[in-house]
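Read in numbering that gives the first Met the number 0, the sequence shown has 98 at position 99, and its numbers run on one by one without any break. All C-beta atoms in this analysis are idealised placements derived from N, C-alpha and C, irrespective of residue type, glycine included.
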Amino acid sequence: MEKSWKKNKLWATESSPAKQIAAILWSETARSTMRRNFKVAATLLVLGCLGLYTTNSNDSLFPLPGTLSRKAALDLIFSPPHASQTTAQTTVAPPSSENGKDELSSILRRASTQSRTVILTTINEAWVAPNSTFDLFVKSFEIGNNTSWLLKHLVLIAVDEKAYNRCLAMQHHCYFLKVEGSDLADELKYMSSSYVEVMWRRTGLFHKVLEFGYNFIFTDADIMWFRDPFQHFYAQADIQFACDQFNGDSSNVNNHINAGFQYAVSNNRTLQFYKFWYESRKKHLGKNEQDVFNIIKHDPFVKEIGLKMRFLDTEYFSGFCQPSKDLNKVCTMHANCCIGLGNKIHDLNMVLEDWKRYMLQSPSQNASNSSPWTGPHNCKVH
0 MEKSWKKNKL WATESSPAKQ IAAILWSETA RSTMRRNFKV AATLLVLGCL GLYTTNSNDS
60 LFPLPGTLSR KAALDLIFSP PHASQTTAQT TVAPPSSENG KDELSSILRR ASTQSRTVIL
120 TTINEAWVAP NSTFDLFVKS FEIGNNTSWL LKHLVLIAVD EKAYNRCLAM QHHCYFLKVE
180 GSDLADELKY MSSSYVEVMW RRTGLFHKVL EFGYNFIFTD ADIMWFRDPF QHFYAQADIQ
240 FACDQFNGDS SNVNNHINAG FQYAVSNNRT LQFYKFWYES RKKHLGKNEQ DVFNIIKHDP
300 FVKEIGLKMR FLDTEYFSGF CQPSKDLNKV CTMHANCCIG LGNKIHDLNM VLEDWKRYML
360 QSPSQNASNS SPWTGPHNCK VH
């Protein structure tokens with residue numbers, strides 16, 4: 000046995016790199032009990048790999064120095080990858096326009112519920128930055144009442160590459176929406192040219208989702224989800240919108256909608272309507288999609304195609320414009336009627352704290368609370 004051992008090329012000389020590495024690792028192991036298992040495993044891995052190499056490979060294919068310093072040996076095994084290598088592994092180029100349609104179809108298929116429904120939201124670099132609105136958005140699903148399961152059906156529509164790669168790193172369903180503009184990674188100030196362009200591009204995307212045969216809920220990322228909204232949708236409606244102000248009649252087209260929360264069922268009527276809505280941008284240059292909707296909802300074409308629209312009660316689909324007074328009913332809370340990302344983040348944190356407090360209270364305590372919200376504070380509602 001001893002002769003066979005010494006014949007092994009790996010252990011032929013005292014200066015063998017593998018032997019040095021093993022000795023160094025072993026001494027390091029002895030010094031730290033907490034790291035012992037890791038070091039022993041590393042030792043065995045190195046010895047095994049080098050043993051295979053030296054007995055079965057030509058030295059020139061994997062050259063090693065004749066001697067290794069203690070630091071060099073440790074660096075060889077434990078040094079982190081070079082920065083450029085890390086970047087290459089974590090940065091993914093968005094799909095080209097040529098295969099974007101196939102990519103979208105694949106994403107929708109993976110994210111869909113059994114009833115072919117997906118949840119969509121748009122993101123950019125500013126909104127997915129740590130502790131920004133998207134983190135609060137996800138947190139609301141996690142602490143909501145039976146809402147965490149909905150996250151697996153969420154598709155993030157990224158409008159810039161950094162947001163797209165952050166989405167991939169968070170392991171969500173991610174789609175890159177190519178939008179023309181120079182400041183897409185920033186806050187997207189209300190009614191700026193980039194803001195208006197994103198609003199219209201996402202409206203065009205909604206039509207594509209419907210074309211693939213999927214129903215969708217679109218939700219802005221500054222909407223907190225506290226309950227499953229599906230049971231509060233109208234079964235016979237084709238398209239449903241949350242409202243900034245709800246007038247008490249869910250069929251009244253004079254309700255002032257908020258396009259940041261909408262639910263559409265894929266059928267021939269919605270396909271025609273979303274196409275009509277998207278093409279109407281050409282007649283109303285400079286207006287965003289919500290303003291154009293408030294114009295075209297009275298168009299005879301809507302009645303002609305038989306589109307059934309409903310408008311959602313703010314008691315359930317709430318917002319800063321018209322907050323729900325009953326946390327026993329509220330499904331969503333939107334930071335609408337609010338300008339400024341910092342203001343939204345501040346007040347949405349207050350909303351989450353209000354919900355946490357509600358969840359800890361008894362039903363009798365919650366029933367007697369006529370003012371469940373401590374905010375909005377920074378978001379001034381006019």
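Indicate whether the contact test is met: 3 or more Cβ pairs, each with one atom in the segment 242-253 and one in the segment 223-231, closer than 8 Å. As far as the Cβ criterion goes, the segment 242-253 does not touch the segment 223-231, which means the pair count is below three.
Three-state class that DSSP yields for residue 153 in the structure shown: If DSSP states are grouped into helix, strand and coil, residue 153 belongs with the strands.
Using a Cβ-Cβ cutoff of less than 8 Å, which residues in the same chain neighbour residue 131 once the five nearest sequence positions on both sides are dropped? Cβ within range, chain order: 125, 340, 344.
Is residue 24 buried or exposed, if buried means 16 or more other CB atoms sit within 10 Å of its CB? Low per-residue confidence applies at residue 24: pLDDT is 43, beneath 50, and the placement is therefore not dependable enough to give any value.
When DSSP labels each residue in this structure, what does residue 224 get in the three-state scheme? For residue 224, the secondary structure class from DSSP, reduced to helix, strand or coil, is strand.
Would you call residue 334 buried or exposed, if buried means 16 or more other Cβ atoms sit within 10 Å of its Cβ? Of the other Cβ atoms in all chains shown, 16 or more fall within 10 Å of the Cβ of residue 334; this residue is therefore buried.
Option nearest residue 377 by Cα separation, candidates 170, 342, 268: Measuring from the Cα of residue 377, the nearest candidate turns out to be 342.
Taking Cβ positions, are residue 312 and residue 232 nearer each other than 8 Å? Not in contact: residue 312 and residue 232 (Cβ atoms no closer than 8 Å).
When burial is assigned at 16 or more other CB atoms within 10 Å of the CB, is residue 241 buried or exposed? Residue 241 counts as buried, since no fewer than 16 other beta carbons sit within 10 angstroms of its beta carbon.
Residue 172 - partner residues in DSSP beta bridges: BP columns for residue 172 point to 154.
Between 337, 322, 338, which has its C-alpha nearest residue 331's C-alpha? Closest by alpha carbon: 322.
In the DSSP assignment, what are the bridge partners of residue 256? According to DSSP, residue 256 bridges with 242.
Under 6 Å Cβ to Cβ from residue 218, same chain only, skipping five residues before and after it: list those, please. Listed in chain order, the non-local C-beta contacts of residue 218 below 6 Å within the same chain comprise 120, 260, local neighbours out to five positions each way being set aside.
Would the beta-carbon of residue 152 fall within 8 Å of that of residue 110? Between residue 152 and residue 110, the C-beta spacing is below 8 Å.
Here's a check: name, in chain order, each residue in its chain whose Cβ is nearer than 8 Å to the Cβ of residue 106, leaving out the five neighbours to either side. Apart from the 5 residues on each side of it in sequence, residue 106 sits with its Cβ closer than 8 Å to the Cβ of 154, 172, 173, 174 in its chain, given in chain order.
Looking at C-alpha atoms only, which residue of 285, 314, 253 is the closest neighbour of residue 293? For the residues 285, 314, 253, the minimum Cα distance to residue 293 belongs to 253.
Suppose contacts are defined by Cβ-Cβ distances below 8 Å. Is residue 276 in contact with residue 373 by that definition? Not closer than 8 Å, so no.
Using the Cα positions of residue 177 and residue 364, report the straight-line distance between them to the nearest angstrom. Taking the straight line from one Cα to the other gives about 49 Å.
Going by DSSP, which residues form a beta bridge with residue 261? Answer is 217, 240, bridged to residue 261.
Considering just the uninterrupted stretch of the beta strand (DSSP E) at residue 310, what are its terminal residues? In the DSSP annotation of this structure, the continuous segment of the beta strand (DSSP E) that includes residue 310 starts and ends at 308-310.
For the segment 281-293 against the segment 266-273, are there 3 or more C-beta pairs whose distance is under 8 Å? These segments do not touch.
Coarse secondary structure for residue 197, derived from DSSP in three states: Helix at residue 197.
Restricting to Cα atoms, I'd like to know which of 103, 328, 370, 112 is closest to residue 211. Out of 103, 328, 370, 112, 103 has the C-alpha closest to the C-alpha of residue 211.
Starting from residue 133, follow its DSSP beta bridges and name the residues at the other end. Answer is none; residue 133 lacks a bridge partner.
Alpha-carbon to alpha-carbon, residue 315 and residue 128: Approximately 29 Å between the Cα atoms of the pair.
Near residue 265, what residues of its chain come up, given a Cβ to Cβ distance below 7 Å and the 5 sequence neighbours on each side ignored? For residue 265, where only same-chain residues beyond five positions count, the Cβ hits under 7 Å are 209, 212, 213, 214.
Output the boundary residues of the beta strand (DSSP E) element that contains residue 119. Secondary structure note for residue 119: its beta strand (DSSP E) is the uninterrupted segment 116-122.
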